[in-house]
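Residue numbers (our numbering), protein chains in the order written: chain A, 919 to 1300; chain B, 919 to 1300. Here a beta-carbon is modelled for each residue, glycine too, at the ideal position from N, C-alpha and C.
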């Protein structure tokens, strides 16, 4: 077990109707005037906006609406948000939505209190010494953003997709009400499932130091996803399954499963980023294609861990059986497992390989993931 | 899954040599003058005290020594500590030791900023509105105290053993260096194992609402304890086993495994508190006696969960087999499973039952745990 620091000061308010507490929560933190960040206008129609605005007003908190944040959120929008936050002199940012809105909210919160251009904070040119307090109400599971300090933003001009992290950008309080996630589409549910599994297995399989207790925690998360996804496909209104799915998602990305591990990498995310950058496929769909192919190529490098994975999660023996079981499960829930299902053919491989040249460098994996290796993996995914 | 709030702002600094950072950590928190609470003079001989004092001095931090805290820590000593903290106008409390020292440190930290008598905070007569910041360096695993806000203290006069909890008594930073725990005696290692298991199973078996994901987390903790305790009995110097044991211990009691559960109680701790209050037996030893007896009495009330427990942790089937396997394991590692091994006989039962009258009220279990029921359980433990 390697040395580690674990610190996660986000308070999670989990459960039904918790969004009704938002006014009280902000009042406890002495918030008087908040930037209310959100994505589409959907929240205006489904009653959530009314609930939030009433709760804020009841506690004497003013708010400035800041909508229109899109998936794969953009730097230009973050700059707009910073301008709005300064103009209206807000003293906090409230995110209502999924990870894209929350990542934007964190970036706005840090950028507002930073004198230079906010992009500095993504490229190591500036440091985050303070941020407006961030609060969130989640409407989607599997973003992880609700209980970590990271934010991923795309620079619309350079097309760079970079992240910031800081002790100041943990949400103070995140509201996770599984009932708000019941309207997520069937497709996005299964993509979320693939995403949680991908986040869970990257470290689990690649870490040079992987304590057994951490493997057990990862397996607890994955077992929960396997079970609850099927329950939710049968009955999207199954509150308890939705709740366990949401909590598994939070635990997968709040730092807990990585404590004491070291020497891990994110090859599946690396490959997937090229797919979504080039073909605009949903992140989770790209991941469910990449994972089985990567596993088929990689498993002989860590046979003991693949044996564990197979035995614990699928009750089988060999690595091949475990990988096949996962692939079959992806097929069963209806998330793609082949590039062809994403409309990608062998003719696209040169373009993917070209895009991956930059990606392997950014992920620090250029030596291991040569063009030959990547070709092998991609062919396994055709 | 029930509604819950999860909040745990303690920073864990885990790993070898982390105690050397203590001066820096306190300086980061603007501490100038700290009450250094500890137990026996052992830390003076094994080099730990020198390491700490050098690190503090290096960062210009003064300290006031406050040693002599004993197991099952006493209210009289807490009052002494409060007097010392006030007299020397310290601005923080640093605990160096196990759970007894840290529980005393938390109580001193809260009591120093409370106008009335500190016992008020244990009996609901007073509220904790503030506390001196608490820091800890752990020399023993399985107290859990390093990452929670609770403190258990025994009133030397009334022989009541009660707890305080407050958002103000979370340690700011806890240093957990498994290497510092290598000198823990064989006895205290196995008592610790019993204690972690006890903390894990109370909610697991008694909760009216027990999400499966939370059961999986609990089983991850227990499986780790079962495995690493045996490794440590063979080789006390096995750093990795010591580290996984320590982290399992932290996770068992930092609130994580209770998120989303409800309607649980602590009957094993309730009964054990009377044993240690009356006979001053080590807490873990008392628990390994109480647990199998309580389980034999209780299991028919939650057969599904006992089946899970037996299957997942011992690969067997019936509740009786699971309980027998746990009892056999306790025997194997050498922690007692019978009151007689603690020197307690049937003649002591009236005194225990009398003491439990107050305890059952304090634990809110007076209706369920009648004198008749308690007699049944105690007889199973003879």
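By the CB criterion at 9 Å, residue 1131 of chain A and residue 1295 of chain A fall outside the cutoff.
Between the stretch 1106-1123 of chain A and the stretch 1065-1075 of chain A there are fewer than three C-beta pairs closer than 8 Å, too few to call the two in contact.
Distance between residue 955 of chain B and residue 1124 of chain B, taken at the CA atoms: about 36 Å.
If you check the CB distance, residue 936 of chain A and residue 1095 of chain A come in under 9 Å. Boundaries around residue 1056 of chain B are those of the beta strand (DSSP E), 1052-1056, since no alpha helix (DSSP H) includes it.
When C-beta atoms of the stretch 1257-1266 of chain A are compared with those of the stretch 1214-1223 of chain A, fewer than three pairs fall below 8 Å, so the two segments do not count as touching.
Around residue 1048 of chain A, the same chain offers 1031 and 1086 as residues with beta carbons nearer than 7 Å, after the five sequence neighbours per side are excluded. Listed along chain B, no residue sits closer than 9 Å to residue 1051 of chain A by beta-carbon distance, the nearest being about 14 Å off. A direct Cα-to-Cα measurement between residue 1074 of chain A and residue 1038 of chain A gives close to 15 Å. Burial of residue 1064 of chain B is indicated by the presence of at least 16 other C-beta atoms within 10 angstroms of its C-beta.
Residues of the stretch 1126-1137 of chain B with a C-beta atom less than 7 Å from some C-beta of chain A are 1129, 1130, 1131, 1134 and 1135, listed in chain order. Against chain A, the beta carbon of residue 1165 of chain B has neighbours under 8 Å at 919, 1129, 1131, 1177 and 1178, listed in chain order. Scanning its chain for C-beta atoms nearer than 7 Å, with the 5 sequence neighbours on each side dropped, one finds around residue 1140 of chain A the residues 1115, 1118 and 1231, in chain order. If you check each beta-carbon in the stretch 1146-1173 of chain B against every beta-carbon of chain A, the ones closer than 7 Å belong to 1158, 1161, 1162, 1165 and 1166. Residue-level contact by beta carbon fails for residue 1185 of chain A and chain B, as no gap is shorter than 9 Å. The closest CA to that of residue 978 of chain A, considering only A:1167, A:1180, A:1035 and A:946, is found on A:946. Judged by beta-carbon spacing, residue 1013 of chain B lies within the 9 Å limit of residue 1052 of chain B, meaning their Cβ atoms are closer than that value.
In the displayed model, residue 1256 of chain B falls within coil according to three-state DSSP, outside both helix and strand. For the stretch 958-984 of chain A, there are no residues whose beta carbon sits under 8 Å from a beta carbon of chain B. With a beta-carbon spacing of about 18 Å, residue 1167 of chain B and residue 1138 of chain A fall beyond the 8 Å limit used to define contacts. Look at residue 1273 of chain A: its C-beta is not under 9 Å from any C-beta on chain B. For residue 932 of chain A, the uninterrupted beta strand (DSSP E) segment begins and ends at 929-932. Take the alpha-carbon of residue 953 of chain B and the one of residue 939 of chain B: they are about 17 Å apart. Contact between the stretch 1219-1228 of chain B and the stretch 1148-1165 of chain B is absent, with fewer than three C-beta pairs closer than 8 Å. Rounded to whole angstroms, the separation of the alpha carbons of residue 1275 of chain B and residue 1244 of chain A is 54 Å.
Listed in chain order, the alpha helix (DSSP H) elements of length 4 or more contained wholly in the stretch 955-1038 of chain A are 960-963, 966-976, 993-1005 and 1017-1030. If you look at residue 1250 of chain B, you'll find it in the alpha helix (DSSP H) that goes 1237-1251. In the DSSP assignment, residue 1297 of chain B falls within the alpha helix (DSSP H) that extends over 1289-1299. At least one beta carbon of chain B lies nearer than 9 Å to the beta carbon of residue 1142 of chain A. Cβ contact annotation for residue 1097 of chain A (same chain, cutoff 6 Å, sequence separation greater than five): 934, in chain order. In summary, residue 1128 of chain A is buried, with 16 or more beta-carbon neighbours lying within 10 Å of its beta-carbon over all protein chains present.
At a cut-off of 9 Å, the C-beta of residue 1226 of chain B has no neighbouring C-beta in chain A.
Straight through space, the alpha carbons of residue 1010 of chain A and residue 1239 of chain B are spaced by roughly 56 Å.
When DSSP states are grouped into helix, strand and coil, residue 951 of chain A belongs to the strand group.
Listed along the chain, the chain A residues whose CB falls inside 7 Å of the CB of residue 1276 of chain B amount to none; the nearest CB is some 34 Å away. Measuring C-alpha to C-alpha distances from residue 1211 of chain B to each of B:1104, B:1256, B:985 and B:1150 identifies B:1256 as the nearest.
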